[in-house]
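See below for the structure under consideration.
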Amino acid sequence: MYIVSQLLEYGAPIFLVTSPLTSYTDQILSIHRSRSSAGFSLDIPLIMLIASILKVFYWFGDYYSVALLAQAVIMIGVQLVLLKVALDNRPAPGQKSGVEHIPFSDANGDRGFARPYDFWQWKNAKPYWMFLAYFTGALAFIHICLPPISNSTFYIELLGYVGLAVEAILPLPQVIANHRSRSCKGFRLSVAAAWILGDVMKLSYFFTSEDGIPWAFRLCAMFQCVCDAYLCVQFWMYNQGSFRPGSVQERLEKEIPLEEKDIRMT
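Sequential numbering from 23 applies to the sequence shown in my numbering.
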């Protein structure tokens, strides 16, 4: 037990800090090499960027583990690169493999909903970067110029719980995309495996660390672990041959007119 505790005490922080690189480098390279981000949900970088930015500002009020802060900062850099690569290699409008690219895009109630102002489904890349800049700028303005708010316990706890809750739903967009296409094509198994390994390390570290990890981290990590486990189940299900991605794709193409699809897949 002593060896295990020492590994968790010294090894887990190193793993957490480097996990953004080990988790997403393969996905970035895969998209870059194939020149297509079809099958990869753009909601993943959105979720991780929002969560990581919130966790950085949360640290200034709670001063939790420095390893978790470093992880959040590195994650921001990695996700910015991933978003850039994914946007540069989006499927062309009307391309057959593009329907699964944005899992929450359909307007019909049985398959999803239409996002207000086409949020995170813009045709141009500039609105994505503008949104992230405004979001970060707003938090910085509150932190610097409105100390009565930024120093309040309620605001600090709100940042932490919202940021961690957002991160906890990370696998859901990819789970939905896989379910609709009945395929995991475009999403790397290495990413899912890294998520599971990260969950195990995080939970072990959160419940054994003496650094005073807030319960918000523990609860959200447990929920995310369940979602990641189901994502691995999808890899097993859709590789058994009992699902036919083409049949689902053909059904979606029949139900959604080409002109309407072209608009939604940008």
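For glycine and all other residues, C-beta sits at the position ideal for the given N, C-alpha and C.
Straight-line Cα distance separating residue j from residue i
{"i": "residue 105", "j": "residue 67", "result": "6 Å"}
{"i": "residue 246", "j": "residue 97", "result": "17 Å"}
{"i": "residue 87", "j": "residue 228", "result": "10 Å"}
{"i": "residue 253", "j": "residue 170", "result": "42 Å"}
{"i": "residue 164", "j": "residue 187", "result": "21 Å"}
{"i": "residue 39", "j": "residue 189", "result": "16 Å"}
{"i": "residue 216", "j": "residue 44", "result": "7 Å"}
{"i": "residue 100", "j": "residue 192", "result": "15 Å"}
{"i": "residue 224", "j": "residue 146", "result": "36 Å"}
{"i": "residue 34", "j": "residue 241", "result": "18 Å"}
{"i": "residue 156", "j": "residue 172", "result": "18 Å"}
{"i": "residue 37", "j": "residue 220", "result": "8 Å"}
{"i": "residue 175", "j": "residue 166", "result": "16 Å"}
{"i": "residue 194", "j": "residue 249", "result": "7 Å"}
{"i": "residue 231", "j": "residue 75", "result": "23 Å"}
{"i": "residue 50", "j": "residue 31", "result": "30 Å"}
Of the listed residues the options, nearest to residue i (C-alpha basis)
{"i": "residue 111", "options": "64, 80 and 213", "result": "64"}
{"i": "residue 259", "options": "137, 201, 91 and 70", "result": "201"}
{"i": "residue 153", "options": "162, 141 and 145", "result": "141"}
{"i": "residue 15", "options": "32, 29 and 52", "result": "Beyond the ends of the chain as shown, which are 23 and 288, falls residue 15; an answer cannot be given."}
{"i": "residue 213", "options": "55, 37, 46 and 32", "result": "46"}
{"i": "residue 57", "options": "77, 37, 34 and 107", "result": "107"}
{"i": "residue 211", "options": "28, 34, 62 and 32", "result": "62"}
{"i": "residue 71", "options": "102, 137 and 159", "result": "102"}
{"i": "residue 181", "options": "50, 73, 60 and 137", "result": "73"}
{"i": "residue 364", "options": "69, 82, 27 and 48", "result": "This structure leaves residue 364 out entirely; the chain is present only between 23 and 288."}
Unbroken alpha helix (DSSP H) run spanning residue i, endpoints
{"i": "residue 200", "result": "193-203"}
{"i": "residue 179", "result": "175-190"}
{"i": "residue 140", "result": "Note, residue 140: premise wrong, no alpha helix (DSSP H); not H, not E."}
{"i": "residue 75", "result": "65-84"}
{"i": "residue 254", "result": "237-259"}
{"i": "residue 35", "result": "34-56"}
{"i": "residue 159", "result": "148-167"}
{"i": "residue 20", "result": "Because the chain spans 23 through 288 in this model, residue 20 falls outside it and cannot be assessed."}
{"i": "residue 61", "result": "Residue 61 -> no alpha helix (DSSP H), and no H or E assigned at all."}
Presumed contact (8 Å Cβ cut-off) between residue i and residue j, rounded CB distance
{"i": "residue 150", "j": "residue 238", "result": "At roughly 28 Å, the Cβ-Cβ gap does not stay under 8 Å, so residue 150 and residue 238 are not in contact."}
{"i": "residue 197", "j": "residue 256", "result": "7 Å"}
{"i": "residue 185", "j": "residue 80", "result": "6 Å"}
{"i": "residue 94", "j": "residue 78", "result": "5 Å"}
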